[in-house]
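To start, the structure itself, in structure tokens.
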Amino acid sequence: MTADPHTEVPWDLSFLRVGALVTAGLTAVAVPVAGLLGGWDDALAVLVGAVVVTFFFAVSGLVIAWAGRHGEAFTLPAALGSFLVKILVLAAVLQALPADGWVDRRTLAWAVIAGALLWSVVQQRWVWTRRLYYVQPPAPPTSGRTLPPP
């Protein structure tokens, strides 16, 4: 009897916690700096940009993990599809904001770019520091000792 392939390899989404913590820390510094240097519409844009990027990466991670649980062949289409949807949503949001509105569009766009680069670095470091097997690792030895035959 073979094991269910959906439960053999769990999809690890712990990078989401790390990315959210790093983003929160940098946002806590960047928002007041942007507010002092450019005004509070810039500070709000940095905050909104951080939230948007965190939300987008979380959604992508969840979609890709869901697709991977149903079949590894679905992960690439899920990743590319979620990326396309995110780009279209972001473009629509940036276009819908008024030029002289409550949030500075240019600062928001730069905050999203900086956040995406930050999340990319977090994901890369997360992957580089994990033990990821490209083949199924062997089963651990049993706890009971068996003596070799005489």
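Residue 86 in our numbering is what sits at position 86 of the sequence shown, and the numbering runs on without skipping anything. From the three backbone atoms N, C-alpha and C, an ideal C-beta is built for every residue, glycine too.
Local conformation of glutamine 136 per DSSP, three classes: coil
Check: Given isoleucine 64, which residues of its chain have a CB within under 6 Å of its CB, disregarding the five upstream and five downstream residues?
Finding: Thr75, Ala78, Ala79
- Query: Any idea what DSSP makes of leucine 16, helix, strand or coil?
  - Reply: helix
(request) Would you be able to state if there are at least three C-beta pairs under 8 Å between the segment 102-119 and the segment 21-32? (result) Flag = yes, the segment 21-32 and the segment 102-119 touch.
Query raised in the report: Any idea if tryptophan 185 is buried or exposed, counting beta-carbon neighbours within 10 angstroms, 16 or more meaning buried?
Result: This structure gives no information on residue 185, because the portion of the chain shown stretches from 1 to 150.
Identify, in the order they occur along the chain, each residue of the same chain with its Cβ nearer than 6 Å to the Cβ of proline 141, setting aside the five sequence neighbours on each side.
none
Neighbourhood of serine 60 by C-beta, 6 Å cutoff - its chain only, sequence neighbours within 5 removed
Sequence-distant partners of serine 60 (beyond 5 residues in either direction) whose C-beta falls short of 6 Å from its own C-beta, in its chain, are Ser82.
Checklist line | Proximity of tryptophan 126 and phenylalanine 15 at Cβ, strictly below 8 Å | finding: Taking a C-beta distance under 8 Å as the contact criterion, tryptophan 126 and phenylalanine 15 qualify as a contact pair.
Can you tell me whether leucine 97 is helix, strand or coil according to DSSP? Of the three classes helix, strand and coil, the one that applies to leucine 97 here is coil, per DSSP.
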